[in-house]
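Below: one structure, written as structure tokens.
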Amino acid sequence: MTKLLVTGGAGFIGSNFLHYWTKKYPSDQIIVLDSLTYSGVISNILPQIEKKLIHFVNGDICDKNFVKDLFKQYCFDKIIHFAAESHVDRSIHSPSKFIETNILGTYSLLSASLEMWENNFKGKVFHHISTDEVYGELNDNDPPFTEISAYAPNSLYAASKSSSDMLVRAYNKTYGLPTVISNCSNNYGPYQFPEKLIPLMIINILEGNVLPIYGNGSNIRDWLYVNDHCTAIDLILNSGKIGETYNVGGMSEITNLELVIDLCRKIDFKIDKNDELSKRFPNNLRVKGKSSETLIRYVTDRPGHDYRYAINPKKICTEMNFKPAINFEKGINFTIDWYLKNEKWWRAIMNGKHSDWIKKQYNENR
Ligand code: NAD
Ligand code: TYD
0 MTKLLVTGGA GFIGSNFLHY WTKKYPSDQI IVLDSLTYSG VISNILPQIE
50 KKLIHFVNGD ICDKNFVKDL FKQYCFDKII HFAAESHVDR SIHSPSKFIE
100 TNILGTYSLL SASLEMWENN FKGKVFHHIS TDEVYGELND NDPPFTEISA
150 YAPNSLYAAS KSSSDMLVRA YNKTYGLPTV ISNCSNNYGP YQFPEKLIPL
200 MIINILEGNV LPIYGNGSNI RDWLYVNDHC TAIDLILNSG KIGETYNVGG
250 MSEITNLELV IDLCRKIDFK IDKNDELSKR FPNNLRVKGK SSETLIRYVT
300 DRPGHDYRYA INPKKICTEM NFKPAINFEK GINFTIDWYL KNEKWWRAIM
350 NGKHSDWIKK QYNENR
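332 is the number that numbering that gives the first Met the number 0 gives to position 333 of the sequence shown; each next residue is one higher, with no gaps.
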């Protein structure tokens, strides 16, 4: 039985990871540390909490004394560090939270890990979840990022994640802390907070709201289905080499405009085929006989907007036999269907009252 700490487990990737892990390794002892910021949705993992598959602790990774006490109490074998401020647009308007959580929060976890493990590192791993955005942007003809691409962050989010990667690296080089880092491309799938491109567009199409495309929509992202990311983390955690970095990508590059048009067409098609959906979403343009594509609006570009991200995942593919199982066509259909089935989930978020009562209940957990 492994004693696992998962930070940020109530967020998008963290909660998908907990669903994956508790199914595959039900006898592990899992502690989830999350401060339930706006993107932490406790209901994402409530069934796992209620079934006692995980123990939830409401706390801030930046609170050094609290983190140290928690580490002393549990003496974890492995740590998977997802907790972060994760939205580039928010980092433009209020960078300070990004500096605190992503840099100082990671530092607090690293220093508590060193103290907890007291140089007895056998079987221990600190897995830091990072992003391809640390490498900056690519042009059309550039080869995809590899693990030795130079860091060149352009957004405050990317700069804060780059800094945290550097701290993780330095803890390994200086103190021998058993760390691994994975840098992955844009994830998509169930439970993604509807401020990110794919869920935002799905919901706006359903609701007949405008579809804001930054700039001219030619920016390219390399999409990775979240469950494939979870598989990659599993492989890295179990057989990754300490001190190494692994790039994880979906090998699915597409421009934002192509992606949004694809979502419009797929959702319009579903609406055409299903009367029940027309009743549930009366404001959808297709219901009114028009195409949802007419809702596309080109809006002022994001400052410092990276043109293209793409990952070369050769290292994890050859060393660990990783292969994304879900191609983009399949993954995007699953994702649309998930948001159609889970209207209550996103409506609660849109109405700003997601899980407030549950949040209160778990605040008393500390
Ligand atoms: P998210 O915003 O959905 O979730 C973040 C979680 O961290 C939330 O549950 C939040 O409550 C928690 N959190 C934030 N600050 C905290 C703090 N100070 N203490 C404790 N908990 C805190 O993010 P996500 O999309 O699930 O991303 C998870 C990780 O993956 C992040 O480190 C992100 O940088 C990285 N990543 C994400 C993507 C992506 O496409 N979503 C791509 C590459 C890398
Ligand atoms: P996002 O989901 O914010 O992820 P990231 O910035 O980490 O890549 O955005 C994905 C792409 O979609 C990015 O190029 C910005 C663009 N975008 C829009 O064009 N309109 C939007 O409303 C949003 C949220 C993003």
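Every residue, glycine too, gets a C-beta built ideally from N, C-alpha and C.
| Asked | Found |
| --- | --- |
| Can you give the Cα-Cα distance for LYS358 and PRO189, rounded to whole angstroms? | Note that LYS358 scores a pLDDT of 43, beneath 50, so its modelled location is shaky and nothing firm can be said. |
| Quick check on this structure: which residue in ASN186, SER290, ASN320, ILE241 has the alpha carbon closest to the alpha carbon of ASN326? | ASN186 |
| Which two residues bound the contiguous alpha helix (DSSP H) that contains PRO281? | Looking at the DSSP string, PRO281 is not in any alpha helix (DSSP H), and its letter there is neither H nor E. |
| Could you check how far apart the C-beta atoms of MET0 and PHE70 are, in whole angstroms? I think they sit under 8 Å. | Not confirmed; about 18 Å, so no contact. |
| Pull up the distance between the alpha-carbon of SER26 and that of LYS340, whole angstroms please. | 30 Å |
| Pull up the DSSP beta-bridge partners for THR6, would you. | LEU32, HIS80 |
| For the putative contact between ILE235 and VAL167, defined by C-beta atoms under 8 Å, what is the C-beta separation to the nearest angstrom? | Not a contact, Cβ separation roughly 13 Å. |
| Find out if the Cβ-Cβ distance for the pair ILE315, GLY216 is shorter than 9 Å. | no |
| When you measure from the CB of ARG94 to every non-hydrogen atom of the ligand TYD, does any distance come out below 8 Å? | Residue 94 is actually Pro in this sequence, not Arg. For the ligand TYD, not one heavy atom lies less than 8 Å from the Cβ of PRO94. |
| Among residues of its own chain, excluding the 5 on either side of GLU99, which ones have a beta-carbon nearer than 6 Å to its beta-carbon? | CYS61 |
| For a quick check, are the C-beta atoms of ALA111 and CYS183 less than 9 Å apart? | no |
| Across the segment 238 to 253 and the segment 285 to 293, are there enough close Cβ pairs to call them in contact, namely three or more that are closer than 8 Å? | no |
| Using alpha carbons as the reference points, say which of ASP164, ALA151, ILE91, ASP261 lies closest to LEU108. | ASP164 |
| Do GLY10 and SER85 come within 9 Å of each other at the CB atom, strictly closer than that value? | yes |
| Enumerate in chain order the residues of its own chain whose CB-to-CB distance from GLY239 is below 7 Å, with the five nearest sequence positions on each side excluded. | VAL179, TYR245 |
| Let me know if TYR361 comes out buried or exposed under the rule of 16 or more other beta-carbons within 10 Å of its beta-carbon. | Residue confidence is low: TYR361 scores 43 on pLDDT, short of 50, so the model does not pin down where it sits. Its coordinate-derived value is still stated next. Buried is the call here. |
| Cβ atoms of ILE219 and THR173: under 9 Å apart, would you say? | no |
| In terms of alpha-carbon separation, which member of THR317, LEU176, ASN101, LEU103 lies closest to ILE120? | It is worth fixing the name first, because residue 120 is Phe in this sequence and not Ile. The candidate whose alpha carbon is nearest that of PHE120 is LEU176. |
| Report the rounded CA-to-CA distance for SER366 versus ARG346, giving the unit in angstroms. | Only positions 0 to 365 of the chain appear in the structure, and residue 366 is not among them; the question remains open. |
| Is it the case that the CB of PRO302 approaches a heavy atom of the ligand TYD more closely than 8 Å? | no |
| Would the beta-carbon of TYR308 fall within 9 Å of that of LEU137? | yes |
| At a cut-off of 8 Å, is GLY214 close to the ligand TYD when judged by its beta-carbon and the heavy atoms of the ligand? | yes |
| Please confirm whether any heavy atom of the ligand TYD lies closer than 8 Å to the CB of ASN255. | yes |
| What I want to know is whether the C-beta of TYR37 ends up closer than 8 Å to one or more non-hydrogen atoms of the ligand TYD. | no |
| Check whether the Cβ of GLU114 lies closer than 8 Å to any heavy atom of the ligand TYD, and answer yes or no. | no |
| What does a CB cutoff of less than 7 Å around SER34 pick up in its chain, not counting 5 residues either side in sequence? | ASN57, GLY58, ASP59 |
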